[in-house]
Every structure is written in structure tokens, then in C-alpha cells.
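Counting from 1 along the sequence shown, just add 204 to a position and that's the residue number in the working numbering.
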Amino acid sequence: MITVKEFKNLCTEIVPVIEIDGYVLASTYEQGSNKLKDKAGLRLVGVYPAYNMEGDSDSVLEKNEMLMFIVVRQKEGGTDEEEIEQYSATLDAMLRLRKYLTSDRSGTYCKLFFNIDVSSIQIDPEYNIFGGYLGYSIKFIC
Numbered sequence: 205m206i207t208v209k210e211f212k213n214l215c216t217e218i219v220p221v222i223e224i225d226g227y228v229l230a231s232t233y234e235q236g237s238n239k240l241k242d243k244a245g246l247r248l249v250g251v252y253p254a255y256n257m258e259g260d261s262d263s264v265l266e267k268n269e270m271l272m273f274i275v276v277r278q279k280e281g282g283t284d285e286e287e288i289e290q291y292s293a294t295l296d297a298m299l300r301l302r303k304y305l306t307s308d309r310s311g312t313y314c315k316l317f318f319n320i321d322v323s324s325i326q327i328d329p330e331y332n333i334f335g336g337y338l339g340y341s342i343k344f345i346c
């Protein structure tokens, strides 16, 4: 099980590795909106992990449900091409994040969660979240 402080440290480590501008931590969309306000550049929004347990009294498996976003402030009145560029930049960063979270090769990336369920990974496009941001979210269980 990952603690809140470990999660904060993880988000701190992610920013320079995947080459984005910063992060905020939040438990709700409203809190994420308040913390992002008008921050520029690519931002990681780390949603505090949810916890659950599986098994029975003799065999318990603790799991975390993780949700993260890579977002950028939407350009007001932007063209379709500008929107495509914003989605492209956030997806590129999200794919670097996925690689960082799941790779077990030595070198730049290392496997952070030994029990990550790779079949649970879901990456979705997001529009107009956190008060005017767009980008991608990643959900997974570990």
C-alpha cells in the first residue's frame, strides 16, 4: 500500500523524469481546480490513492486504485490545430508517464509498483476538466 507521503514523493520524482512543468495533489476535481488555477505548461494532477483489500482473513491483498492526469490549460478560442497540438503534447507526456510507471528495465526508468496490474491501465482523453484544462488521464490498480 502506498502512503500519502510516498505518493507525494512519487509525484515529485515524476515531474523531471517525464519533463513536465509541475504537479498538484488533489482528492476531488474541485480541489484540483483550485490548486491548478491558471498554472501554465504541462501539469500532473495526482489524485490521492484509493485503497481496498481483497481475499479473506487468511490471505489479504492490499491494493491501490490510482488516478493521474496530465493536463494543459485550454487555449480560449483556439483553433482545431492548436487543440490537436495540446492533446499531442499531453499524450506524449502521458506515454512517458506510463513507461515510467511500468518499465522494469534498468536505466532511466524503473518499475515502481511490483504488483501493478498492467491489464488495469486505462488512458483516456479529457476535455474541460479542472476548470478549463484538457489532456489525458491514467487509471490503474497496483
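Ideal Cβ positions, reconstructed from N, Cα and C, are used throughout, including at glycine.
Item                                                                                                                                                                                  : Value
Per DSSP, what kind of secondary structure is Tyr-313 in: helix, strand or coil?                                                                                                      : Bear in mind that the predicted position of Tyr-313 carries a pLDDT of just 41, short of 50, making it too unreliable to give a figure here.
Do you know offhand how far Glu-223's Cα is from Asp-260's?                                                                                                                           : 42 Å
When you compare the CB positions of Leu-240 and Gln-278, do they come within less than 9 Å of one another, or not?                                                                   : no
Rounded to whole angstroms, what's the CA-CA distance from Glu-258 to Asn-268? Just pull it up for me.                                                                                : 11 Å
Could you say which of Asp-242, Leu-301 and Ser-292 lies nearest to Val-343 if we only look at CA atoms?                                                                              : Note on residue identity: the sequence assigns Lys, not Val, to residue 343. Of the listed residues, the one whose Cα sits closest to Lys-343 is Leu-301.
Helix, strand or coil for Ala-205 per DSSP?                                                                                                                                           : Residue identity differs from the one stated: residue 205 is Met in this sequence, not Ala. Residue state, collapsed to three classes: coil.
Could you name the residues of the same chain whose beta carbon sits closer than 7 Å to that of Tyr-252, not counting the 5 residues immediately before and after it, in chain order? : Val-208, Phe-211, Leu-229 and Ser-231
Going by C-alpha to C-alpha distance, which of Ile-333, Gly-250 and Ile-345 sits closest to Ile-218?                                                                                  : Gly-250
Would DSSP call Ser-261 helix, strand or coil?                                                                                                                                        : coil
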